[in-house]
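Visitor: Going letter by letter, the sequence shown gives residues 5 to 46 in the working numbering.
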Amino acid sequence: MKPPYYVTTEILNLISLISEKVGEVKSAHLTKPLTELRKKIE
5 MKPPYYVTTE ILNLISLISE KVGEVKSAHL TKPLTELRKK IE
């Protein structure tokens, strides 16, 4: 049974672009905020 679509180079390029963007979003969430080592004086 054949799938109802064809895998073209355009589809493969779009998939790779989406994968890159997902990776960028995931890596952006991995950065931790800087910790403050000194106690704040109020």
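Backbone N, C-alpha and C fix where the C-beta goes; we use that ideal spot for every residue, glycine too.
With DSSP collapsed to three states, give me the class of GLU40.
Guide: Numbered from its first residue, the sequence shown carries residue 40 at position 36. Correct three-state label for GLU40: coil.
Visitor: Could you tell me the boundaries of the alpha helix (DSSP H) in which VAL11 lies?
Guide: If you number the sequence shown from 1, residue 11 lands on position 7. From DSSP, VAL11 is part of no alpha helix (DSSP H); its letter is neither H nor E.
Visitor: Return helix, strand or coil for LYS6, following the three-state DSSP convention.
Guide: Residue mapping note: residue 6 aligns to position 2 of the sequence shown, counting from 1. Here LYS6 sits in coil by DSSP.
Visitor: Helix, strand or coil: which one does DSSP assign to GLY45?
Guide: Within the sequence shown, the letter at position 41 stands for residue 45. Position check: residue 45 holds Ile in this sequence, whereas Gly was assumed. ILE45: coil per DSSP, three-state reduction.
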